[in-house]
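So the structure is just underneath, and the comments pick up after that.
Number of protein chains: 2
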Amino acid sequence: MQAVRWVLSHIIHRHYYYHYVFKKKEIVMKVQVTQERLAQAMLLVGRVATSRSALPVLANVLMKTVDKQLQITATNLDIAITHTLPCKITEEGALTVPARLLSDYVNSLPSGNIDLTTESNKLHLASGEYTSTINGVSPEEFPTLPSIGKNTPIEIEATELKTALQQTILTASSDETRPILTGAYIHTHEKQIYIAATDSYRLSQKELKTKPTADFALVVPATALSDLLRIIGDGSGPVTFRYDDTQVEFVFADTQLITRQIDGTFPAYRELIPEKSDVSFTISKPDFVNITKVASLFARESAGSITLEVGDDHVSITSVASQVGENTSKATAKITGEGSVTLNSRYLLDALNVIDSKEVTFRFSGKISPCVLSPVGSDDYIHIIMPLKS
Amino acid sequence: MQAVRWVLSHIIHRHYYYHYVFKKKEIVMKVQVTQERLAQAMLLVGRVATSRSALPVLANVLMKTVDKQLQITATNLDIAITHTLPCKITEEGALTVPARLLSDYVNSLPSGNIDLTTESNKLHLASGEYTSTINGVSPEEFPTLPSIGKNTPIEIEATELKTALQQTILTASSDETRPILTGAYIHTHEKQIYIAATDSYRLSQKELKTKPTADFALVVPATALSDLLRIIGDGSGPVTFRYDDTQVEFVFADTQLITRQIDGTFPAYRELIPEKSDVSFTISKPDFVNITKVASLFARESAGSITLEVGDDHVSITSVASQVGENTSKATAKITGEGSVTLNSRYLLDALNVIDSKEVTFRFSGKISPCVLSPVGSDDYIHIIMPLKS
Numbered sequence: 001m002q003a004v005r006w007v008l009s010h011i012i013h014r015h016y017y018y019h020y021v022f023k024k025k026e027i028v029m030k031v032q033v034t035q036e037r038l039a040q041a042m043l044l045v046g047r048v049a050t051s052r053s054a055l056p057v058l059a060n061v062l063m064k065t066v067d068k069q070l071q072i073t074a075t076n077l078d079i080a081i082t083h084t085l086p087c088k089i090t091e092e093g094a095l096t097v098p099a100r101l102l103s104d105y106v107n108s109l110p111s112g113n114i115d116l117t118t119e120s121n122k123l124h125l126a127s128g129e130y131t132s133t134i135n136g137v138s139p140e141e142f143p144t145l146p147s148i149g150k151n152t153p154i155e156i157e158a159t160e161l162k163t164a165l166q167q168t169i170l171t172a173s174s175d176e177t178r179p180i181l182t183g184a185y186i187h188t189h190e191k192q193i194y195i196a197a198t199d200s201y202r203l204s205q206k207e208l209k210t211k212p213t214a215d216f217a218l219v220v221p222a223t224a225l226s227d228l229l230r231i232i233g234d235g236s237g238p239v240t241f242r243y244d245d246t247q248v249e250f251v252f253a254d255t256q257l258i259t260r261q262i263d264g265t266f267p268a269y270r271e272l273i274p275e276k277s278d279v280s281f282t283i284s285k286p287d288f289v290n291i292t293k294v295a296s297l298f299a300r301e302s303a304g305s306i307t308l309e310v311g312d313d314h315v316s317i318t319s320v321a322s323q324v325g326e327n328t329s330k331a332t333a334k335i336t337g338e339g340s341v342t343l344n345s346r347y348l349l350d351a352l353n354v355i356d357s358k359e360v361t362f363r364f365s366g367k368i369s370p371c372v373l374s375p376v377g378s379d380d381y382i383h384i385i386m387p388l389k390s
Numbered sequence: 391m392q393a394v395r396w397v398l399s400h401i402i403h404r405h406y407y408y409h410y411v412f413k414k415k416e417i418v419m420k421v422q423v424t425q426e427r428l429a430q431a432m433l434l435v436g437r438v439a440t441s442r443s444a445l446p447v448l449a450n451v452l453m454k455t456v457d458k459q460l461q462i463t464a465t466n467l468d469i470a471i472t473h474t475l476p477c478k479i480t481e482e483g484a485l486t487v488p489a490r491l492l493s494d495y496v497n498s499l500p501s502g503n504i505d506l507t508t509e510s511n512k513l514h515l516a517s518g519e520y521t522s523t524i525n526g527v528s529p530e531e532f533p534t535l536p537s538i539g540k541n542t543p544i545e546i547e548a549t550e551l552k553t554a555l556q557q558t559i560l561t562a563s564s565d566e567t568r569p570i571l572t573g574a575y576i577h578t579h580e581k582q583i584y585i586a587a588t589d590s591y592r593l594s595q596k597e598l599k600t601k602p603t604a605d606f607a608l609v610v611p612a613t614a615l616s617d618l619l620r621i622i623g624d625g626s627g628p629v630t631f632r633y634d635d636t637q638v639e640f641v642f643a644d645t646q647l648i649t650r651q652i653d654g655t656f657p658a659y660r661e662l663i664p665e666k667s668d669v670s671f672t673i674s675k676p677d678f679v680n681i682t683k684v685a686s687l688f689a690r691e692s693a694g695s696i697t698l699e700v701g702d703d704h705v706s707i708t709s710v711a712s713q714v715g716e717n718t719s720k721a722t723a724k725i726t727g728e729g730s731v732t733l734n735s736r737y738l739l740d741a742l743n744v745i746d747s748k749e750v751t752f753r754f755s756g757k758i759s760p761c762v763l764s765p766v767g768s769d770d771y772i773h774i775i776m777p778l779k780s
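So the sequence lines, in the order shown, correspond to chains Z and U. Read in order, the letters of the first sequence are residues 1 to 390 in this note's numbering. Read in order, the letters of the second sequence are residues 391 to 780 in this note's numbering.
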C-alpha cells in the first residue's frame, strides 16, 4: 500500500516536485574521502534506501559534489536523508550506487583514504591494496526532493527532542487505513510545543521546554521521526526544525532529514485525558515493571490481558487463569481509593519503558475510563491506556 | 524427518529403553531453591525441550528430587540434559512443567528463595509477593533415558574440549540424507584422540592433548556437541566423557548430557588430506580475513565464489565480474610456488574464524585438489576446503 501510494504521488507531482539536476553527458567525478567518514555517512543515510520500490534507483544512494563537499542522499519518497562530508575534489560530479553494497564494502575496508572515480555509470573505489568497481545508475534517474521554504527555524536541543520522540512515537499507529494516526502531532498549544501520538488504544503527550516562535500544527510520519532518532543517536547540540505547507525538515550536525507531512486533522485528543480519577497509586517503577512482566508471561494466550487490583497498601496484578496456569504478583504502593481494571500488559510495559523517573503514578476510574500513567517529579509527560473489557 | 525417526525409535525401544519411574499416585513435592540456581538450571537444560514433537511432554522439563538435590531434565529423544542443583526438601516428589514458561517466569522473579509445591499435576511457585501456578503433566509421561555402562571415563579439560569442538563441528553436515556426516567423529588413531567432521565440501580435524585409555571410534551428533559447548560456556575444569555401544555421556560440573551415537562407519577421511601441495603461502590471519570478506561482498550472486591468485609476494583475491561490479584485494604473504584456485568465500571465512593463531598457512595444488588451511605455530589442527570448478 505504502509503496503504491508514494509512487503514484511521485508521478502526479513529478513536474512540480522532482526535476532532473544533471544534463545528459558523461559526468566524471574524482574525490577522496576517508573510510571513517564514508562509513558513517552510509550508516546515517543507507537505511532509507529501499529495494522494495517500483523505482529501482531508490535502492541506490546519490553521491554528488556540492560546495567542495560530498553529499550522500537516500530517499524512499516519504523521507529523504542527506549527509554532507568533507572530501578532496579533483573533478566535480555525481553518481548513484547500490546503498547496501557500498555500505557493506566501505565497512569492510581498513581505515584510511578511499579514492572514488566515476566512469560510464561505474564507481571505481581504490583504497591501498583494495580496488573495486560498483555498477551504478545515472544520477538523472534519482529524484531530488523539494527544498523547504526559508521560514524561521526553531532550534531544539537534541537530547530534549530525543526523549520527547522516544516517549511519544511508540503510541503512533502502524495501521495505514487511518493515515493520520501513523503520525506524531507536533503542535503548539497555549504558547507551548507539544508532541502527541495515538493509535486509539493508547495516547502519549510530551510538553517541550523549548518555546515556539509561532503557532503551528503538523502531523509528521512516526517512521520519519524514528529515523531522526537514529540520526541524533547519543549526540548533543541543536536540531534545527523548519516546515512549510507540505514538508518538514530537521537538520542535526551534517545530516538533513526531509519528510512529507500527513494530510488531515489530528483528533482533538485533549478531551480524552481525564482530569481526575477515582483510584490512584504511586509506585516504584522497577517494582511496577517486574510485577507486570511476570503477570504478562501467563497472559500470552489472552492477548496480554492482565488485571490490576488496587487496595490496602498493595497493588496486585493477576493474569486470568488459562491453560498454562495463573499468576498473582504484588508490590507496595501509596494508594488513594480502591478498584480494579484490566488492560494489555504490553501497552503498560511499553509505557513504563519510556518513563525515566524512579516512581510513577497510575490512575483510573472504573473499568472503562482511560488509565493515566505519569512520571513522579515532572508534569511534562502523560501516557494514556484504554482498558480492556473484562 | 528427525522427529518421525526418533519417535519411532522411542516406540520401538520403549520396553528396553524407557521405563516409568513413578507409580500412579498423588505425588506431592515440596522444595525450596534459589532463583539464581533455578534460572541457571533452566538456561542449561531448557533449550533442549521442544514443542515441535509428536510427544507433547517433550516441551516440558522433569523436576525431580534425587539424593537430597533437585534434578531438572529435558530431552528431545536425541539428547538429554540433566542439571542438579541444591535445594531444601520438605517432601520428595516430581512433576513436569512447560520449559519455556518456567524459564521465562523464573528469569523475571527477583533473586531470593522460591518455594515449589506440587499438587494434582500443578506446580505452585511462591517467592515473596509473587505467587503462581503452572499447569504441568504427570512425570509418568516423561521418558527416562538409559544410563551409560560404567566403563572407565576419560577426563578432558573443558577449555581444550571447547576449542576442539568449535574448530570441528562447523564442518559437519546438516543434510539428514547422509546421517553419518551430521556427526563429529571422536576417535583414537595411533594412541591419540582426534575429532573430525566433514560435510564432503570441507573437512576439519583436531588432535587432542589428552591421551586415550583405550581405542574407540564414535560418531556423535554435531547438534549435541553444540549443546555441550553451551553447557561448558566459559567454564574450566574436567569434562568427564563416557560411552557404551549406543550412547555417549558428557558430565561437566553439575550438568550431564547424554546423546545417542550415529550408526555407520565414518568415511576414511585421512586419505583425502594431501601431504604436500604445489603452492603454499603464510599470511597474517586478519589480513586474510579482510581481503576475503571484501571480495565476498561482490560474490553474493555467484554463491560466494572467489578466486585466490598467488604470485610474487602477494596473495590477491578477486570476485568474478557480475551485475553488481567486481573487486580485487591484495595482501602480502610469504609465498612458495604460484597459481590460482576458486573456492567458496563463506567456507574460507568460517575456517579462519575458528583458527586462533596470528598467522595461517594455506596450500593447494592446481584447481581441483583439496586446499589445506592450518594455523602457524601448532600442528594439531587442519582444515580442508574443496575448490569450486571455475
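Where is the CB? At the ideal position from N, CA and C, for every residue including glycine.
In chain order, each beta strand (DSSP E) run of at least 3 residues that lies wholly inside the stretch 479-509 of chain U: 484-488 and 503-509
Within chain U, the residues that T328 (chain Z) reaches when beta carbons sit closer than 8 Å: Y520, T521 and S522
Contact between the stretch 443-456 of chain U and the stretch 482-491 of chain U (3+ Cβ pairs under 8 Å): yes
What does the alpha-carbon distance come out to for the pair R346 (chain Z) and E547 (chain U)? 45 Å
Using 8 Å as the limit for Cβ to Cβ distance, is D605 (chain U) near chain Z? no
Can you tell me the Cβ-Cβ gap for L555 (chain U) and A562 (chain U), rounded? I've got them flagged as a contact below 8 Å. Wrong, their Cβ atoms sit about 10 Å apart, outside the cutoff.
Would T385 (chain U) pass as a contact of D703 (chain U) if the rule is Cβ separation under 8 Å? Chain U is shown only over 391 to 780; residue 385 (chain U) falls outside these bounds and no answer can be derived.
Please determine, among Z:S120, Z:F298 and Z:E36, the residue with the shortest C-alpha to C-alpha distance to L85 (chain Z). Z:E36
To the nearest angstrom, how far is it from the Cα of V496 (chain U) to the Cα of E749 (chain U)? 45 Å
If you drop the 5 nearest sequence neighbours on each side, which residues of the same chain put their C-beta closer than 7 Å to that of A351 (chain Z)? L373, H383 and I385
Spatial neighbours of L388 (chain Z) within its chain, please: CB distance less than 7 Å, with the 5 preceding and 5 following residues excluded, ordered by chain position. S305, T342, L343 and N344
Would you grab the beta carbon distance between T645 (chain U) and I621 (chain U) for me? Rounded to a whole angstrom, and I think it's under 8 Å. 5 Å
N290 (chain Z): contacting residues in chain U (beta-carbon distance under 9 Å): S498, L499, P500 and Y520
Report yes if the C-beta distance between V45 (chain Z) and I81 (chain Z) is below 8 Å; otherwise report no. yes
For I681 (chain U), which residues in the same chain have their Cβ closer than 8 Å to its Cβ, ignoring the five residues on either side in sequence? V705, S706, I707, S719, K720 and A721
Reference L460 (chain U), options U:S498, U:I504, U:T697 and U:P664, closest by Cα: U:I504
Under three-state DSSP, which class holds G767 (chain U)? coil
Could you spell out where the beta strand (DSSP E) holding Y130 (chain Z) opens and where it closes? Y130 to N135
Do T240 (chain Z) and E155 (chain Z) count as a contact pair if the criterion is CB distance below 8 Å? yes
For chain Z, is any of its Cβ atoms less than 8 Å away from the one on A721 (chain U)? yes
Counting only runs that start and end within the stretch 158-206 of chain Z, where is the beta strand (DSSP E) found for 3 or more residues in a row? 183-189 and 192-198
Per-residue burial, E271 (chain Z) [other beta carbons within 10 Å of its own, 16 or more giving buried]: exposed
Looking at the structure shown, is N121 (chain Z) part of a helix, part of a strand, or coil, going by DSSP? coil
Show which residues of chain U have a CB atom less than 8 Å away from the CB atom of L343 (chain Z). Result: empty, since nearest Cβ-Cβ is about 19 Å, beyond 8 Å.
Strand pairing of M453 (chain U), partner residues [DSSP]: U:I462 and U:L485
Neighbour-count burial assignment, K24 (chain Z), 16 or more Cβ in a 10 Å radius: Residue placement at K24 (chain Z) is flagged as unreliable, the pLDDT there being 48, under the threshold of 50; the coordinate-derived value follows with that caveat. With fewer than 16 Cβ atoms within 10 Å of its Cβ, K24 (chain Z) is classed as exposed.
Taking the alpha-carbon positions, what's the L43 (chain Z) to L145 (chain Z) distance? 20 Å
For V4 (chain Z), name the three-state secondary structure that DSSP assigns. The pLDDT assigned to V4 (chain Z) is 30, lower than 50, so where the model puts this residue is not dependable; a value taken from the coordinates is nonetheless given after this. Note: V4 (chain Z) maps to helix in three-state DSSP.
Verify the CB distance criterion: does F281 (chain Z) have a CB-CB separation below 8 Å to chain U? no
So what's R52 (chain Z) in DSSP terms, helix, strand or just coil? coil
Below-8 Å beta-carbon distance, G366 (chain Z) vs any chain U residue: no
On the premise that I576 (chain U) lies in contact with V610 (chain U), defined as a C-beta separation below 8 Å, what is that separation, rounded to the nearest angstrom? 6 Å
Name the chain U residues that come within less than 7 Å of L297 (chain Z), Cβ to Cβ? L491, D494, Y495 and S498
Exposed or buried, V641 (chain U), counting other C-beta atoms within 10 Å across all chains shown (16 or more means buried)? buried
Closest to L397 (chain Z) by CA distance: which of Z:K88, Z:V66 and Z:V48 is it? This structure gives no information on residue 397 (chain Z), because the portion of chain Z shown stretches from 1 to 390.
Which one of U:G727, U:S493 and U:L445 has the shortest CA to CA distance from A431 (chain U)? U:S493
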